[in-house]
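Peer 1: In the numbering used here, the protein residues as written are 1 to 91. Questions regarding the structure given below will be posed in turn.
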């Protein structure tokens, strides 16, 4: 698993710092600056960057992991690849 360090915290998002929401949001903005892209829904960004093991270690915090988003992404990629192959074979 890849861990990213932003600020002083080391975590899957690099933003987890003792429930400090202000620090957490600040580090997400730093990630957006680094990527040169502003996310419309930061809750989805946080979910996308959260591994199941991180959530399991912090059950009381009601976090969501990235598995459902990963499944959705895999399904969309599978559809696009299948569609492309199907169209290519019809030629």
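Note that the Cβ used here is the ideal one computed from N, Cα and C, for glycine as well. Note that the structure is a prediction, hence the values are computed from the model and not measured.
For residue 46, count neighbouring C-beta atoms within 10 Å of its own C-beta (all shown protein chains included) and say buried if the count is 16 or more, exposed if not.
Peer 2: buried
Peer 1: For my contact list, residue 69 and residue 48 are in at a C-beta cut-off of 8 angstroms; report their separation, rounded to the angstrom.
Peer 2: Residue 69 to residue 48, Cβ: 5 angstroms. Contact.
Peer 1: Flag this pair as yes or no: are the beta carbons of residue 55 and residue 41 separated by less than 8 angstroms?
Peer 2: no
Peer 1: Taking its Cβ as the centre, do 16 or more other Cβ atoms sit within 10 Å of residue 8, making it buried, or is it exposed?
Peer 2: Confidence in residue 8 is poor, its pLDDT being 37 and thus under 50, which makes the residue's placement unreliable; the coordinate value appears in the next sentence. It counts as exposed.
Peer 1: Hey, would you say residue 63 sits closer than 8 angstroms to residue 50, going by beta carbons?
Peer 2: yes
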